[in-house]
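Its first residue numbered 2, the sequence shown is counted upward by one per residue in our numbering.
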Amino acid sequence: MNSSDLIGPDEFQGETIWLKVARKALSFDDVISFLGDDRAGGVVLFSGNVRNHSEGRDGVDSLEYEGYEEQLVPSFLKIANEAMSRFEGVLKVAIHHRLGLCALGESSVIIGVSSEHRESGFVASKFCIDTLKQTSPIWKKEHWSNGSDWALGANVVTQFEEL
Numbered sequence: 002m003n004s005s006d007l008i009g010p011d012e013f014q015g016e017t018i019w020l021k022v023a024r025k026a027l028s029f030d031d032v033i034s035f036l037g038d039d040r041a042g043g044v045v046l047f048s049g050n051v052r053n054h055s056e057g058r059d060g061v062d063s064l065e066y067e068g069y070e071e072q073l074v075p076s077f078l079k080i081a082n083e084a085m086s087r088f089e090g091v092l093k094v095a096i097h098h099r100l101g102l103c104a105l106g107e108s109s110v111i112i113g114v115s116s117e118h119r120e121s122g123f124v125a126s127k128f129c130i131d132t133l134k135q136t137s138p139i140w141k142k143e144h145w146s147n148g149s150d151w152a153l154g155a156n157v158v159t160q161f162e163e164l
């Protein structure tokens with residue numbers, strides 16, 4: 002990570018990688034624009050959205066995300082670098098995640114990958130979201146009409162090197 006590419010503690014943008022932690026709505030248009038590349042035969046965009054239920058809980062109306070903020074962008078960078086080196090033809094990777102309160106239907110995470118061929122884009126996108134959920138220090142609290150609690154399916158954060 003070049004210090005010139007570090008926009009702030011919550012954002013890194015280089016030529017091929019854009020990482021962001023935000024407390025406001027995420028922008029699909031900005032991510033798609035970043036992923037544009039004349040060599041790309043495909044762009045894969047994954048959005049993790051707030052839904053009205055979770056493991057054993059109905060009536061969820063919002064999620065609240067907290068994270069170890071100083072470690073989020075560095076953990077996203079490891080994931081993006083690994084995706085670019087592991088999957089042939091991956092050209093660009095974007096990982097954006099919300100912190101704070103997210104309403105029903107809102108996107109809490111966007112993973113974007115542009116690649117020469119669709120297969121590597123899909124596989125790299127899945128790798129990014131799965132690895133983020135296992136290794137990045139982000140926790141979610143579910144809110145519903147009569148209470149709130151930390152998500153039941155929370156994962157223990159695994160060291161990236163252990164995967």
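For glycine and all other residues, C-beta sits at the position ideal for the given N, C-alpha and C. From a predicted model like this one, the values you see are computed outputs, not experimental measurements.
query, result
"Residues of its chain near VAL124, where Cβ-Cβ distance is below 8 Å and the 5 sequence neighbours each way are ignored", "PHE88"
"Within-8 Å CB hit, LEU46 to chain D", "Note that chain D does not occur in the displayed structure, where there is just one protein chain."
"Inter-residue CB distance, ASN66 and LYS141 (contact presumed, cutoff 8 Å)", "Looking at the sequence provided, one finds Tyr at residue 66 rather than Asn. Their Cβ separation, rounded to whole angstroms, is 5 Å, which keeps TYR66 and LYS141 in contact under 8 Å."
"Residue from GLY101, ASN82 and LEU100 with nearest C-alpha to VAL94", "ASN82"
"Backbone CA spacing between LEU102 and SER109 [nearest angstrom]", "9 Å"
"Which residues DSSP lists as bridging GLN14, in chain order", "TRP19"
"GLN135 to ALA152 span [Cα, whole Å]", "14 Å"
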